[in-house]
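This report refers to the structure that appears directly beneath it.
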């Protein structure tokens, strides 16, 4: 039973990492897309969009990782 719990936790952690990586790439894409409409102010628009999308994603990932860790120890 314990091996099954470890396996499930490991798979869940790997899925979380994969999801976080995909969301980070999506944040870059969203920033590039929005910035492409304003070539004269590309950098500020990109950074505003990128960090506005990335910050909540990182917080959510951090919370999910803590939840997985707590669930795995129970």
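Numbering (the numbering used here), first residue to last: 1310 to 1383. Glycine included, every Cβ here is placed at the ideal spot set by N, Cα and C. For clarity, every value in this text was computed on a predicted model and none was experimentally measured.
- Inclusion of residue 1328 and residue 1377 in the CB contact set at 8 Å is not warranted, their separation being larger than that value.
- Minimum Cα-Cα distance from residue 1362 among the listed residues 1336, 1321, 1315, 1322 corresponds to 1336.
- Cβ contact annotation for residue 1351 (same chain, cutoff 6 Å, sequence separation greater than five): 1344, in chain order.
- When only Cα atoms are considered, residue 1349 and residue 1331 end up about 28 Å apart.
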